[in-house]
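Numbering-wise, full-length UniProt numbering puts 133 at position 133 of the sequence shown, and it's gapless, one number per residue.
For glycine and all other residues, C-beta sits at the position ideal for the given N, C-alpha and C.
For clarity, every value in this text was computed on a predicted model and none was experimentally measured.
Data block below; observations after.
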Amino acid sequence: MLSYDRYACILREKTTAGTAGLRTVLAAGVIGAFGFLPAASADDAPSVPPPAGYAADEFTDTQGCLFSRVEQGDRLLWAPRYRADGSQRCDGPVEAGAAECPLPTEVGRYAQAGVYVDLANARNAAAEVRALGLPVNIVRLSRNPEGRHSVVAGPFVGREAARQGLGALRCNGFPDAFGRNGLR
């Protein structure tokens with residue numbers, strides 16, 4: 001059971017006996033009192049995000065670190081779980097992740113992960129793509145006066161590499177990724 005301690009500004013997990021403090025779920029930020037979440041750093045995020053549509057309240061990333069679902073409005077964050085001594089809980093069994101994600105049949109030399117108006121959002125998406133081990137480019141789309149930025153993985157050498165790269169994007173947070181042959 002999770003409880004919110006508005007004075008200590010943390011969420012704690014209670015044991016079945018009702019004692020608080022086994023593990024701290026989210027440190028800092030007053031969620032209930034002021035209605036905002038603290039800015040999460042890259043260190044706070046799972047090493048690999050849960051698969052799209054993941055509905056469970058807990059997730060163990062590829063490094064065995066445990067995270068809890070935190071929803072506020074339309075925002076979804078994965079908060080790291082902590083022990084009473086303040087160390088992050090990273091001894092869990094690694095999740096199998098998404099069901100086997102089929103490899104795409106239509107590929108190109110590149111795979112477009114997404115298009116963003118805000119350059120900061122494009123850079124964040126590029127960092128996620130880079131974390132998957134894929135080469136990545138941010139291309140400013142000159143045809144749009146708003147200055148949109150396309151995040152593109154590649155170039156891939158060969159059809160099989162392109163299929164693997166596009167499949168990795170689709171299975172790891174970019175379900176609408178598609179293959180393309182050029183950057184422009």
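Task: CA-to-CA distance, proline 49 to leucine 77, given in whole angstroms - done: 10 Å
Task: Reduced DSSP secondary structure (H/G/I, E/B, other) of arginine 81 - done: coil
Open item on the list: Rounding to the nearest angstrom, what Cα-Cα distance links alanine 168 and arginine 130 in this structure?
Closed with: 11 Å
Open item on the list: Could you tell me the alpha carbon to alpha carbon distance between glycine 32 and alanine 79, rounded to whole angstroms?
Closed with: Low per-residue confidence applies at glycine 32: pLDDT is 36, beneath 50, and the placement is therefore not dependable, though the value from the model is reported in the following sentence. Roughly 15 Å between the two C-alpha positions.
TODO: Could you tell me if leucine 66 is buried or exposed, where buried requires 16 or more neighbouring beta carbons within 10 angstroms of its beta carbon?
DONE: buried
Open item on the list: Taking the straight line between their C-alpha atoms, what separation do you get for glycine 73 and glycine 53?
Closed with: 17 Å
- [ ] Verify whether the separation of the beta carbon atoms of alanine 120 and valine 151 is less than 8 Å.
- [x] no
TODO: Name, in chain order, the residues that DSSP records as bridge partners for asparagine 124.
DONE: Its beta-bridge partners do not exist; DSSP assigns none.
Open item on the list: Quick check: the Cα distance between arginine 109 and valine 136, rounded to an integer number of angstroms?
Closed with: 12 Å
Open item on the list: So alanine 177 and alanine 113 are supposed to be a Cβ contact under 8 Å. How far apart are they, rounded?
Closed with: 5 Å
Task: Nearest to arginine 148 (by Cα), restricted to the options Gly158, Glu71, Tyr116, Arg123 - done: Tyr116
TODO: Check each candidate in Asp118, Gly173, Ser68, Arg89 and name the one with the smallest Cα separation from asparagine 146.
DONE: The question names asparagine, yet the displayed sequence has glutamate at residue 146. It is Asp118.
Open item on the list: So for leucine 166, helix, strand or coil by DSSP?
Closed with: helix
Task: aspartate 91 versus glycine 64 - alpha carbon distance - done: 5 Å
TODO: Ignore the nearest five residues each way along the sequence and tell me which others in leucine 141's own chain have a CB closer than 6 Å to its CB.
DONE: Arg148, Ser150
Open item on the list: Using only CA atoms, which one of Arg89, Ala127, Ile138, Arg83 lies nearest to asparagine 172?
Closed with: Ala127
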